[in-house]
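If you're matching them up, the sequences are chains A and B in order. Quick note on UniProt numbering: the first sequence kicks off at 1 and runs consecutively. Quick note on UniProt numbering: the second sequence kicks off at 1 and runs consecutively. Here a beta-carbon is modelled for each residue, glycine too, at the ideal position from N, C-alpha and C.
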Amino acid sequence: MPSLVSLRPLRHYLLAMALFVTATSSQANEALTRLHQDIGHGYTQLSETSNALADSASAYCRAPTGENQAKLRENWREAFLSWQRVRFVDFGPIEQNSLAWQFQFWPDPKNLVASKVSFWLHQDGELTVNTIDTAGVAVQGFPALEYLLWEPTFLQSDQALPAARSCDLLTAISQHIARNAQTVTAGWYDMASYYESTDDYSATTIKAAMSAVEVIRDRRLGAPMGLRGNGRRNAYQADAWRSGLSLETIRASLEGLDTLFSPGLGMELDAAGASEIKQRLAARLTEALSNFDDLPDGMAPLLNGDGYNSLQALYIDLELLEQVLTDDVAPTLGVIRGFNSSDGD
Amino acid sequence: MTTRRQVLRLGMASLALASAPMGCALFQQPTGTEHLLFSAANTPEGNYTLVGLDSAGQVRSQVTVGDRCHGGCQRPGSRQVLLFARRPGRHFYVIDTLSGQLLASIDAEPDHHFYGHGAFSPDGRYLYTTENHYPSGQGVIGVYDASTGYTRVRQLAAGGIGPHEVRMHPDGNTLVVALGGIQTHPDYQRIKLNLETMSPALLLIDRHDGTVLQRHEPSHQQLSCRHLDVSPDGTVIAGYQFQGPEWQAPPLIARLDSQRGDFRELSLGDGLQSQLRNYTASIAVHPYLPLSAITAPRGGKLLVINHRSGELAVTYDVDDCAGIMAAGQRGFLLTSGTGAVFQLPANLGALIPLQAPTLRWDNHLTAVTVA
Numbered sequence: 001m002p003s004l005v006s007l008r009p010l011r012h013y014l015l016a017m018a019l020f021v022t023a024t025s026s027q028a029n030e031a032l033t034r035l036h037q038d039i040g041h042g043y044t045q046l047s048e049t050s051n052a053l054a055d056s057a058s059a060y061c062r063a064p065t066g067e068n069q070a071k072l073r074e075n076w077r078e079a080f081l082s083w084q085r086v087r088f089v090d091f092g093p094i095e096q097n098s099l100a101w102q103f104q105f106w107p108d109p110k111n112l113v114a115s116k117v118s119f120w121l122h123q124d125g126e127l128t129v130n131t132i133d134t135a136g137v138a139v140q141g142f143p144a145l146e147y148l149l150w151e152p153t154f155l156q157s158d159q160a161l162p163a164a165r166s167c168d169l170l171t172a173i174s175q176h177i178a179r180n181a182q183t184v185t186a187g188w189y190d191m192a193s194y195y196e197s198t199d200d201y202s203a204t205t206i207k208a209a210m211s212a213v214e215v216i217r218d219r220r221l222g223a224p225m226g227l228r229g230n231g232r233r234n235a236y237q238a239d240a241w242r243s244g245l246s247l248e249t250i251r252a253s254l255e256g257l258d259t260l261f262s263p264g265l266g267m268e269l270d271a272a273g274a275s276e277i278k279q280r281l282a283a284r285l286t287e288a289l290s291n292f293d294d295l296p297d298g299m300a301p302l303l304n305g306d307g308y309n310s311l312q313a314l315y316i317d318l319e320l321l322e323q324v325l326t327d328d329v330a331p332t333l334g335v336i337r338g339f340n341s342s343d344g345d
Numbered sequence: 001m002t003t004r005r006q007v008l009r010l011g012m013a014s015l016a017l018a019s020a021p022m023g024c025a026l027f028q029q030p031t032g033t034e035h036l037l038f039s040a041a042n043t044p045e046g047n048y049t050l051v052g053l054d055s056a057g058q059v060r061s062q063v064t065v066g067d068r069c070h071g072g073c074q075r076p077g078s079r080q081v082l083l084f085a086r087r088p089g090r091h092f093y094v095i096d097t098l099s100g101q102l103l104a105s106i107d108a109e110p111d112h113h114f115y116g117h118g119a120f121s122p123d124g125r126y127l128y129t130t131e132n133h134y135p136s137g138q139g140v141i142g143v144y145d146a147s148t149g150y151t152r153v154r155q156l157a158a159g160g161i162g163p164h165e166v167r168m169h170p171d172g173n174t175l176v177v178a179l180g181g182i183q184t185h186p187d188y189q190r191i192k193l194n195l196e197t198m199s200p201a202l203l204l205i206d207r208h209d210g211t212v213l214q215r216h217e218p219s220h221q222q223l224s225c226r227h228l229d230v231s232p233d234g235t236v237i238a239g240y241q242f243q244g245p246e247w248q249a250p251p252l253i254a255r256l257d258s259q260r261g262d263f264r265e266l267s268l269g270d271g272l273q274s275q276l277r278n279y280t281a282s283i284a285v286h287p288y289l290p291l292s293a294i295t296a297p298r299g300g301k302l303l304v305i306n307h308r309s310g311e312l313a314v315t316y317d318v319d320d321c322a323g324i325m326a327a328g329q330r331g332f333l334l335t336s337g338t339g340a341v342f343q344l345p346a347n348l349g350a351l352i353p354l355q356a357p358t359l360r361w362d363n364h365l366t367a368v369t370v371a
C-alpha cells in the first residue's frame with residue numbers, strides 16, 4: 001500500500017487539521033462567496049471606469065477643450081486606480097490571453113511603451129480598436145494612454161493630442177481596455193459557482209494577496225528606492241512615473257486588499273478560530289494605509305530629498321504586513337506556496 | 001489532506017498493479033552501474049546551484065552558477081553532464097560528473113536563447129538543443145559538436161514555435177520534441193504572446209536533415225506539449241500544461257507508440273484530472289519497467305502509469321513535487337521544491353525519504369549512469 005506523503009511542517013499540518021474540525025463547509029463556502037462578491041465589485045468598478053474613460057476619450061477628440069482634457073485625465077486616473085485595486089487577482093479570467101499584461105505592461109526597462117506608441121503613430125492606414133486587439137501588450141493598456149496624456153517630449157511634439165492620428169490611437173486603446181474590462185468582469189461572474197465550490201480557491205486567493213504585497217514591497221517600492229539590484233535610487237523603476245502617480249497606485253492596491261480581500265479572508269480566519277489574526281491583519285493594513293496621509297501621489301520628489309525616510313517607513317509597514325500574511329495567516333489556514341507549483345516551466 | 005476515499009482508491013490501484021507483468025522485466029538492467037542525480041536547485045539564501053547526488057541522497061558535487069537552470073542531459077561515453085539555464089536561458093553548463101568541477105559554460109548564439117533542454121547523439125558527439133530565434137519567434141534545434149568544445153555547427157527547424165524538451169529516440173536518428181507552441185520574447189519577460197493562436201505538437205524530427213517525420217497535435221490548441229521521455233521500445237510519454245481556463249480540465253498526458261504512429265491522450269477521470277490543476281512538470285519513463293512517472297506540482301501529485309497499457313497505476317500526494325528520474329532497480333528518484341528527496345521503489349510501495357540537503361529542488365532531474 002503506497003503511503004500518502006505530506007511535506008507540510010507538523011505544526012502547519014495540525015493547524016490545518018484543526019481548521020477542518022472547526023470549519024464547517026458552509027462557513028468556508030460563505031467566505032469564498034464573500035471573496036467572489038468583493039472581487040466582482042472590483043472588476044465591475046474597473047469595467048465602469050474603463051467605459052467612462054473610453055467615452056471621455058471620444059468626447060475629447062470630438063471637442064478638444066481644456067475642460068475635456070482635464071476630464072479625460074481624471075477618467076484615466078480613476079480607471080487605472082480601479083485596476084490597481086483588483087490587480088492582486090492573478091488567477092481566473094485575468095489569466096486568459098495575458099489580460100493582466102494587456103492592462104498594464106510593467107515593468108518596462110526598455111521603454112517599449114514609448115517605442116510601440118511611436119511606431120503606431122508613424123504607421124499609415126486604419127487605426128481602430130481592432131488594430132489594437134492584435135498590436136501587442138506594450139500598446140494595449142493604461143501605460144500607453146499614460147504616455148499620450150503625460151509624456152513631456154510627446155506633449156511638445158507636433159503629434160501631441162488632439163492630432164488626428166494620436167486621437168485615433170487614444171480612442172482605440174481606451175476602447176480596447178474597456179472591452180478587456182468587460183471580458184474579465186463577465187468571466188469572473190461566469191466562474192462564480194466554480195470558485196465558490198472549489199476549496200482550493202481559498203489558498204489560491206491568499207497566495208495571490210501574498211504575492212501582491214511582495215511585488216509592492218520589492219518591486220513597486222523597494223526597486224525605485226534602490227533596495228534591490230545595483231542600489232541606485234531610480235524613479236523610473238516605479239509604475240506610473242509619467243503621470244506622477246507611483247505612490248497613489250500603491251495606495252490603491254493596498255485599498256484593494258483591504259476592501260476586496262480582507263473581509264472574505266476574515267470570515268475564513270473566524271471560522272478557523274483565529275479572529276485575533278484577523279484583527280492583526282486589519283491593523284497592519286490600516287497602519288500601512290495611514291502612511292499615505294502625508295505622502296504625495298508621486299515618488300520622484302521623495303527619492304533624493306528629506307522625504308526618503310517616509311518611504312522607508314512605508315517599506316517597513318509593508319514588511320510587517322507581509323509577515324502577518326506569511327507567518328500567521330498562511331500557516332493557520334494551511335496555505336503552502338510551492339517553488340515549482342508557483343514558478344515552474 | 002488525506003481522505004478515506006483517497007486511501008481506498010490507492011488501495012485499488014495497487015491491487016490492480018500487482019497483476020501487471022513487471023517482475024521479470026525488472027532484471028534486464030546491466031549490473032554494476034551507479035545512478036547519479038543532477039539537478040538545479042535554489043539554496044535557502046536564494047543562490048542558484050547545480051547539485052549531484054548519489055542514489056542514497058549524498059552530495060557528490062555542487063557548483064554555484066549565475067542563473068536558474070532547468071533540464072539537462074548526460075553526454076554518452078563521457079564523464080560530462082550538461083545543465084541548461086532556464087528559459088530564456090543564455091547558457092548551458094558542462095560538469096565533470098566525477099570531480100564535480102564546472103568544465104565549461106557555453107553561450108547561446110546571438111538572437112537565440114535556450115528553452116532549458118537538450119539531447120545527445122548516441123555516440124556523444126552532437127548535442128541538440130531547443131532554442132528560440134526570438135527576432136522571428138521561430139523555434140530551432142541548435143546542433144553543437146561536443147568534440148570541438150561545443151561549437152555550434154548548424155541548426156534545424158523545430159517545426160514551429162516554442163520547442164521545449166527534446167530526447168533522443170532509441171533508433172539513434174530521430175529527435176523527439178515537445179513543441180510547446182507558446183511565443184515569448186526576452187523584451188517581454190515571460191509573457192505568453194500568442195495564447196489565442198498557439199499550435200503545440202509532439203514531433204519526431206530526423207536529426208540528420210531536419211525532416212519532420214511525425215507530427216501529433218494535442219486535443220486542444222492551448223494544451224502546451226512541454227515535457228517527455230521515451231522508452232527503449234519507442235513509447236513516448238508526453239506531459240502538457242493547459243493555457244486555457246482553469247475551470248476546464250482537459251487531458252494532460254499523451255502516449256505515442258512511435259513505431260506505429262499511434263497517438264492517444266490518457267483520461268484520468270474527472271476527479272483526479274481536475275486535481276492536477278492543468279499542469280505537469282516532469283516525465284520519467286523507466287527503461288526496464290513498464291512504468292512512467294509524472295509530476296504535477298500544482299496539484300501536489302505524483303502519478304505512475306503503466307505505459308504499455310496506458311492505465312493509471314498509482315498516485316501519491318507530494319507537495320510541490322517536480323523532479324523525477326528513473327533509477328534502475330531502485331525505481332525512481334523524486335524531488336520537491338519543499339526540499340524533499342524520495343526513492344519511489346520499483347514495487348510502488350511507500351515513498352522512501354532520503355537524507356539529502358534541504359534545497360528548493362527545481363523542475364527536473366538529470367539521470368547520470370556511471371559504470
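Whether residue i touches residue j by CB criterion (8 Å)
{"i": "B:Val318", "j": "B:Gly300", "result": "yes"}
{"i": "B:Ala119", "j": "B:Cys73", "result": "yes"}
{"i": "A:Leu333", "j": "A:Tyr201", "result": "no"}
{"i": "B:Pro218", "j": "B:Cys225", "result": "yes"}
{"i": "A:Ala208", "j": "A:Asp90", "result": "yes"}
{"i": "B:Gln221", "j": "B:Met198", "result": "yes"}
{"i": "B:Asn363", "j": "A:Asn340", "result": "yes"}
{"i": "residue 417 of chain B", "j": "B:Ala296", "result": "Examination of residue 417 of chain B is not possible in this model, given that chain B is present from 1 through 371 alone."}
{"i": "B:Gly57", "j": "B:Val341", "result": "yes"}
{"i": "B:Thr280", "j": "B:Leu302", "result": "no"}
{"i": "A:Arg87", "j": "A:Ala288", "result": "no"}
{"i": "B:Gly310", "j": "B:Leu276", "result": "no"}
{"i": "B:His216", "j": "B:Phe263", "result": "yes"}
{"i": "B:His91", "j": "B:Ala108", "result": "yes"}
{"i": "B:Ala249", "j": "B:Asp229", "result": "no"}
{"i": "A:Arg217", "j": "A:Glu95", "result": "no"}
Proximal chain A residues relative to residue i, where beta-carbon distance stays under 9 Å
{"i": "B:Ile283", "result": "Those within 9 Å of B:Ile283 in chain A number zero; the least Cβ separation is about 13 Å."}
{"i": "B:Arg60", "result": "Neighbours of B:Arg60 on chain A: none; closest Cβ ~23 Å, over 9 Å."}
Extent of the continuous alpha helix (DSSP H) run through residue i
{"i": "A:Asp190", "result": "Ala164 to Asp190"}
{"i": "residue 352 of chain A", "result": "Lying outside 1 to 345, the shown extent of chain A, residue 352 of chain A is not represented and no answer is given."}
{"i": "B:Met198", "result": "Careful: B:Met198 lies outside any alpha helix (DSSP H) and carries neither H nor E."}
Chain-ordered neighbours of residue i on chain B, where CB pairs are closer than 8 Å
{"i": "A:Ile336", "result": "Asp319, Asp320 and Thr338"}
Under 7 Å by beta carbon: chain B residues contacting residue i
{"i": "A:Trp101", "result": "Ile191"}
{"i": "A:Lys110", "result": "Asp187"}
Range covered by the beta strand (DSSP E) that runs through residue i
{"i": "residue 384 of chain B", "result": "Limits of chain B in this structure are 1 at one end and 371 at the other, which puts residue 384 of chain B out of reach."}
{"i": "B:Ala157", "result": "Thr151 to Ala157"}
Residue burial classification, residue i (beta-carbon count within 10 angstroms, cutoff 16)
{"i": "B:Thr338", "result": "buried"}
{"i": "A:Asp294", "result": "exposed"}
{"i": "B:Gln28", "result": "At B:Gln28, the pLDDT of 49 sits below 50, so the modelled position is not reliable; the number obtained from the coordinates is stated separately. So B:Gln28 counts as exposed."}
{"i": "B:Val59", "result": "exposed"}
{"i": "B:Tyr93", "result": "buried"}
{"i": "A:Gln237", "result": "buried"}
{"i": "A:Leu247", "result": "buried"}
{"i": "A:Asn230", "result": "exposed"}
{"i": "B:Arg260", "result": "exposed"}
{"i": "B:Gly139", "result": "buried"}
{"i": "B:Leu98", "result": "exposed"}
{"i": "B:Leu289", "result": "buried"}
{"i": "B:Ser61", "result": "buried"}
{"i": "A:Arg228", "result": "exposed"}
{"i": "B:Glu131", "result": "buried"}
{"i": "A:Asn155", "result": "The amino acid occupying residue 155 of chain A in the given sequence is Leu; Asn does not appear at that position. Exposed, since its Cβ has fewer than 16 Cβ neighbours within 10 Å."}
Chain-ordered neighbours of residue i on chain A, where CB pairs are closer than 8 Å
{"i": "B:Leu195", "result": "Gln96, Asn97 and Ser98"}
{"i": "B:His91", "result": "What B:His91 touches in chain A: nothing, since even the nearest Cβ is about 16 Å away."}
{"i": "B:Arg87", "result": "Asp345"}
Contacts of residue i in chain E (Cβ-Cβ under 7 Å)
{"i": "A:Tyr43", "result": "Structure shown: chain E not included; protein chains present are A and B."}
How about the stretch 105-121 of chain B and the stretch 158-167 of chain B: do they share at least three Cβ pairs that are nearer than 8 Å?
yes
Segment contact flag, the stretch 126-142 of chain A with the stretch 97-115 of chain A, C-beta cutoff 8 Å, min 3 pairs:
yes
Does the stretch 282-290 of chain A come close enough to the stretch 105-121 of chain A to have 3 or more Cβ pairs within less than 8 Å?
no
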